[in-house]
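Undergrad:
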Amino acid sequence: MIILKNIYYQYDSKVVLNDIHLSIKEKERIVILGINGCGKTTLLKILNALIFPHKGSYTYNDVLITEKKIREKDFSRRFRREVVLLFQNPDVMLFNPTVYDEIAFSLRQLQLNENEVKDRVLYWANLFELTSFLDLPPFKLSGGQKQKLCLACLLAIEPKFLLLDEPTANLDPKTSGWLIDLLYDLQIATVVTTHNISLAPELGERLIVMGENHRIIYDGPTMQFLNDKEKMLAAGLLHKHKHRHRHGNVEHSHYHFHDF
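If you're matching positions, the sequence shown starts at 0 in numbering that gives the first Met the number 0 and goes up one per residue.
Here's what the structure looks like:
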């Protein structure tokens, strides 16, 4: 289990996370919504121990996560295997000469024998429709294929917590649908940030909403929030337009999702 208590983080003098309290259980499906700059990506980086809070505590299975703890080789190897992060830009994650080597890299770091490495690479490549690209350099893939490759690399090591930063941002509707189906079938915890409000119900039953004050302003059932226009307005995720008829004083209100 992951537990964040009283987490603060700031870049220079700008507060990005403000008094965050959050717990995540194994196999939970969580969606994080919020306007740009509210701290969604920073929160994922803290969960992945890429950065560390300036105040507050992060515990993973009752172990306090600190820079010193992450430098411990045995613990770091286990943590990096169990908690993984898919970045929004797949190019920052790809550095091996071939697609095969990309998927195999983390498996080799786990010191698996080459027969098991090969079996896992072929399994995930087939599942992600990447088999015909195994001998190609990753940079020759399309954006959607790179995203699939990065996800295959992470899932091949069989994590317990999968963190995804805007995973559908660069995908076409068909590939987005494929990804949603895949995530739904995974028997692991998923924490997904998204700018696509309409996809939120399909990505998780529990919704975390980050406010402009960089705090969590909602934590509960996804549809309960999305069906509450006042809460959506307060979170900056919905905009209310008022239209008055040219003749008479009848006024109508129309709601629009913000494109953020």
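Every residue, glycine too, gets a C-beta built ideally from N, C-alpha and C.
Exposed or buried, what is Lys67 when buried is set at 16 or more other beta-carbons lying within 10 Å of its beta-carbon?
TA: Per the 10 Å Cβ criterion, exposed.
Undergrad: What does the Cβ neighbour count give for Leu50, buried or exposed, with the cut at 16 atoms within 10 Å?
TA: In the sequence as presented, Leu is not what sits at residue 50; that position holds Ile. Exposed, by the Cβ-count rule.
Undergrad: Taking the alpha helix (DSSP H) that Pro172 falls in, what are its first and last residues?
TA: Residues 172 to 184.
Undergrad: Of the choices Asp180, Thr97, Pro220, Lys147, whose alpha-carbon is the least far from that of Glu128?
TA: For the residues Asp180, Thr97, Pro220, Lys147, the minimum Cα distance to Glu128 belongs to Lys147.
Undergrad: Between which two residues does the alpha helix (DSSP H) harbouring Val116 extend?
TA: Residues 113 to 126.
Undergrad: Label His20 either buried or exposed according to how many other C-beta atoms from any shown protein chain fall within 10 Å of its C-beta, with 16 as the threshold for buried.
TA: The residue in question, His20, is exposed, as its Cβ has fewer than 16 Cβ neighbours within 10 Å.
Undergrad: Would you report the Cα separation of Val30 and Ser75, rounded to the nearest angstrom?
TA: Using only the alpha carbons, I get a separation of about 26 angstroms.
Undergrad: Expressed to the nearest angstrom, what Euclidean distance is found between the alpha-carbon atoms of Gly142 and Gly176?
TA: Spanning the two alpha carbons is a distance of roughly 16 angstroms.
Undergrad: Please state whether the Cβ-Cβ distance between Lys145 and Pro89 is less than 8 angstroms.
TA: Cβ distance < 8 angstroms, so Lys145 and Pro89 count as in contact.
Undergrad: In this structure, does DSSP put His255 in helix, strand or coil?
TA: In this predicted model, His255 has a pLDDT of only 49, less than 50, meaning its place in the structure is not dependable; the value taken from the coordinates is given anyway. Correct three-state label for His255: strand.
Undergrad: Tell me which residues share the same chain as Met222 and place their Cβ nearer than 7 angstroms to its Cβ, disregarding the 5 neighbours each side in the sequence.
TA: These residues qualify, in order along the chain: Pro200.
Undergrad: Relative to the C-alpha of Gly36, which residue among Phe132, Glu81, His194, Ile23 is closest?
TA: Of the candidates Phe132, Glu81, His194, Ile23, the one whose C-alpha sits nearest the C-alpha of Gly36 is His194.
Undergrad: Measuring alpha carbon to alpha carbon, tell me which of Glu101, Lys72, Tyr122 ends up nearest Asp134.
TA: That would be Glu101, whose Cα lies nearest to the Cα of Asp134.
Undergrad: From Gln87 to Glu113, what distance separates their C-alpha atoms?
TA: Taking the straight line from one Cα to the other gives about 30 angstroms.
Undergrad: Rounding to the nearest angstrom, what Cα-Cα distance links Tyr10 and His53 in this structure?
TA: Their backbone Cα atoms lie some 10 angstroms apart in a straight line.
Undergrad: List in chain order: all unbroken alpha helix (DSSP H) runs of 4+ residues lying wholly within the region 40 to 105.
TA: As far as the region 40 to 105 is concerned, its whole alpha helix (DSSP H) runs of at least 4 residues are 66 to 69, 72 to 81.
Undergrad: Quick one: what's got a C-beta closer than 7 angstroms to Leu153's C-beta in the same chain, skipping five residues either side?
TA: Contacts found: Val83, Leu85, Leu161.
Undergrad: Tell me the rounded alpha-carbon separation between Tyr266 and Gly55.
TA: The structure shown has nothing for residue 266, since the chain only spans 0 to 259.
Undergrad: Tell me, please, which residues DSSP counts as bridged to Val191.
TA: BP columns for Val191 point to Val30, Leu163.
Undergrad: Helix or strand or just coil, what does DSSP make of Ser22?
TA: Residue state, collapsed to three classes: strand.
Undergrad: Return the chain-ordered list of same chain residues with a C-beta closer than 6 angstroms to the C-beta of Leu179, the five sequence neighbours on each side being excluded.
TA: It should be noted that the sequence gives Ile, not Leu, for residue 179. Counting only Cβ-Cβ distances below 6 angstroms, and skipping sequence neighbours, we find Glu201.
Undergrad: Look up Gln110 in the DSSP assignment and say whether it is helix, strand or coil.
TA: DSSP places Gln110 in coil when its eight states are reduced to three.
Undergrad: Quick one: grab the DSSP three-state call for Gly219.
TA: Strand.
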